[in-house]
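S.K.:
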Amino acid sequence: MTSSPPSSPAAASAPSSMRAGAQALAPAHSLSLLAAARIAGLLIATTAFFAAFLLRRLLLRDPGQRFRAAARWSRRWAAVCCRIAGYRVTSRGPAPPPGSLVAPNHYGYADILALGSCAPLLFMTKTSIAEAPVVGFLVRVAELVHTSRRKSRDIHDTAGQMRARLQHGASIAIFLEGTSTGGDRVLPFRPSFLQPVIDAGAPVVPVAIQWKPSDPAVSVAEDIAYWKDHEFGSHVFRQLGLRGLAVEITFGPPIPSARMDRKQLADAARREVLALLGRSGEGAD
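So in this note's numbering, the last one in the sequence shown is 835, and the numbering has no gaps at all.
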């Protein structure tokens, strides 16, 4: 799901190492010219990939072929965008099997490119975005799942979208925390979207995302994570002007969804993510 800052964030603080680094170092210098060049590159790459995929999609009649092709093209697009944005991505662990629900922890929008570059995935976005004039067309062509929690009818439609993609062998990535954090915690995973996974007999793949900038002046909580009161435009521009942004993506073993209810599956996925992050001692929030 595309990310946005929590509407009423908890008074979360960055880990002690982040706070100590923030006290000892001045904020990392963001280069405006570099940010502008990267934004231009991202726009060009996105336009080129969209045009190429649109032509490819017109030749595909079978829904399953469209879903799987969209996931493959999304991975290629994300990989190119990561290089343009200066993200150095390291992937560990087995790739998710086709038709999986991928469940990572969540820092912000940068996670989408980083995770998307590691495996063919379809992400989830908001129905309001899918209904926007131009962006909505892109969402539909890219076969993204769109959702709104406001109406039961919309949730039912989202479940149908998810089942169709999973049953045709396309994997879906959902940030089950429902929002982003500064990286100091993993919020409880929401079970709302897991019933279609159980119905499809699909596994859940836990994923640990860890941003590890090589520049110690870069603050994970402020420069990479998009949360609390951050403003999107200025945050993106500052981030794209930074150097040394590195992230480690670790895929855990698939969790079978059989014989679990939604809550059990959500809790099991979160426990595995915490274990992959080396935080097994953290209890339920």
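We put the CB at the ideal spot given by N, CA and C, even for glycine.
#1: Rounded to whole angstroms, what's the CA-CA distance from G571 to S580? Just pull it up for me.
#2: Roughly how many angstroms lie between the CA atoms of A709 and L815, to the nearest whole one?
#3: If contacts are defined as beta-carbon pairs under 8 Å, then A818 and I799 qualify, I think. What distance do you get, rounded to the angstrom?
#4: Is the segment 595-615 in contact with the segment 757-768, if contact means three or more CB pairs nearer than 8 Å?
#5: Counting along the chain, where does the alpha helix (DSSP H) carrying V685 start and finish?
#6: Please return the same chain residues whose Cβ sits closer than 6 Å to the Cβ of L826, not counting the five positions on each side in sequence.
#7: Grab me the residues of A653's own chain with a C-beta within less than 6 Å of its C-beta, minus the 5 sequence neighbours each way, in chain order.
#8: Determine the direct distance from the alpha carbon of Y657 to that of T731, and round the result to whole angstroms.
#9: Taking the straight line between their C-alpha atoms, what separation do you get for F743 and D811?
#10: May I ask you to report which of helix, strand or coil DSSP gives F739?
#11: Once DSSP output is grouped into helix, strand and coil, what is the label at P756?
#12: Nearest-angstrom Cα distance between Y637 and V797?
#13: Under the assumption that L716 contacts G614 (Cβ atoms under 8 Å), give the Cβ distance between them as a whole number of angstroms.
#14: If we ignore side chains and look at the alpha-carbon of each, how far apart do C668 and A629 end up?
#15: Fully enclosed by the segment 562-626, which alpha helix (DSSP H) runs are 4 residues long or longer?
#16: Compute the Euclidean distance between the alpha carbons of N655 and V736, then round it to the nearest angstrom.
#17: I need the straight-line Cα distance from D704 to A767, nearest angstrom please.
#18: Can you grab the Cα-Cα spacing for the pair T729 / L610, in whole Å?
#19: If we ignore side chains and look at the alpha-carbon of each, how far apart do L651 and V747 end up?
#20: Please list the terminal residues of the continuous alpha helix (DSSP H) segment that includes A669.
#21: Applying the criterion that 16 or more other CB atoms from any shown protein chain within 10 Å of the CB defines a buried residue, is V689 buried or exposed?
#22: Run through DSSP, which three-state label would T729 get?
#23: Going by DSSP, what residues sit across from V768 in a beta bridge?
#24: How about L663 and T675: do their beta carbons lie closer than 8 Å?
#25: Buried or exposed for A585, please, with buried defined as at least 16 other CB atoms from any protein chain shown within 10 angstroms of its CB.
#26: Cα separation between A576 and L790?
M.R.: Checking against the coordinates, here is how it stands:
#1: In the sequence shown, the residue the question calls residue 571 occupies position 21. In the sequence shown, the residue the question calls residue 580 occupies position 30. In this predicted model, G571 has a pLDDT of only 43, less than 50, meaning its place in the structure is not dependable; the value taken from the coordinates is given anyway. Their Cα atoms are separated by approximately 17 Å.
#2: Here residue 709 refers to the residue found at position 159 of the sequence shown. Here residue 815 refers to the residue found at position 265 of the sequence shown. Rounded to the nearest angstrom, the two C-alpha atoms are 16 Å apart.
#3: Residue numbering aside, residue 818 sits at position 268 when the sequence shown is read from its first letter. Residue numbering aside, residue 799 sits at position 249 when the sequence shown is read from its first letter. Actually they are not in contact, since the Cβ atoms of A818 and I799 sit about 20 Å apart, beyond 8 Å.
#4: no
#5: For this step, residue 685 is matched to residue 135 along the sequence shown. Annotation: the continuous alpha helix (DSSP H) that includes V685 extends over 685-691.
#6: For the purposes of this step, residue 826 is identified with residue 276 of the sequence shown, where counting begins at 1. Excluding residues within five positions, the ones whose Cβ falls inside 6 Å are A758, T800, G802.
#7: Numbered from its first residue, the sequence shown carries residue 653 at position 103. Contacts found: L726, V754, P756, A819.
#8: Against the sequence shown, residue 731 aligns to sequence position 181. Against the sequence shown, residue 657 aligns to sequence position 107. Roughly 5 Å between the two C-alpha positions.
#9: Indexing the sequence shown from 1 puts residue 743 at position 193. Indexing the sequence shown from 1 puts residue 811 at position 261. Cα to Cα, F743 sits roughly 12 Å from D811.
#10: Reading the sequence shown from its first residue, position 189 is the one you call residue 739. Coil, per DSSP.
#11: Reading the sequence shown from its first residue, position 206 is the one you call residue 756. If DSSP states are grouped into helix, strand and coil, P756 belongs with the strands.
#12: Translated into the one-based positions of the sequence shown, residue 637 becomes position 87. Translated into the one-based positions of the sequence shown, residue 797 becomes position 247. Those two C-alpha atoms are separated by around 7 Å.
#13: As a first step, residue 716 must be located in the sequence shown, where it is residue number 166. As a first step, residue 614 must be located in the sequence shown, where it is residue number 64. Between G614 and L716 the Cβ distance is about 11 Å, and since that is not below 8 Å, they are no contact.
#14: As a position in the sequence shown, residue 668 is number 118, starting the count at 1. As a position in the sequence shown, residue 629 is number 79, starting the count at 1. Near 8 Å, if we compare the C-alpha coordinates of A629 and C668.
#15: 566-574, 582-608
#16: If you number the sequence shown from 1, residue 655 lands on position 105. If you number the sequence shown from 1, residue 736 lands on position 186. Each residue's Cα considered, the two are about 6 Å apart.
#17: As a working note, residue 704 is residue 154 in the sequence shown. As a working note, residue 767 is residue 217 in the sequence shown. For D704 and A767, the gap between their C-alpha atoms comes out near 43 Å.
#18: Translated into the one-based positions of the sequence shown, residue 729 becomes position 179. Translated into the one-based positions of the sequence shown, residue 610 becomes position 60. The C-alpha of T729 lies about 34 Å from the C-alpha of L610.
#19: Within the sequence shown, the letter at position 101 stands for residue 651. Within the sequence shown, the letter at position 197 stands for residue 747. One C-alpha to the other measures close to 7 Å.
#20: Counted from its first residue, the sequence shown places residue 669 at position 119. Unbroken run through A669: none, as it is neither H nor E.
#21: If you number the sequence shown from 1, residue 689 lands on position 139. By the neighbour-count rule (16 or more Cβ atoms within 10 Å), V689 is buried.
#22: Within the sequence shown, residue 729 is the residue found at index 179, counting from 1. Looking at T729 - three-state DSSP - the assignment turns out to be coil, as it is neither helix nor strand.
#23: Residue mapping note: residue 768 aligns to position 218 of the sequence shown, counting from 1. Within the DSSP bridge table, the entry for V768 names no partner.
#24: Working through the sequence shown from its first residue, we reach residue 663 at position 113. Working through the sequence shown from its first residue, we reach residue 675 at position 125. In this structure, the beta-carbon distance from L663 to T675 does not fall below 8 Å.
#25: Taking the sequence shown and counting its residues from 1, one reaches residue 585 at position 35. By the neighbour-count definition (other C-beta atoms within 10 Å, threshold 16), A585 is a buried residue.
#26: Counted from its first residue, the sequence shown places residue 576 at position 26. Counted from its first residue, the sequence shown places residue 790 at position 240. Cα-Cα distance, rounded: 18 Å.
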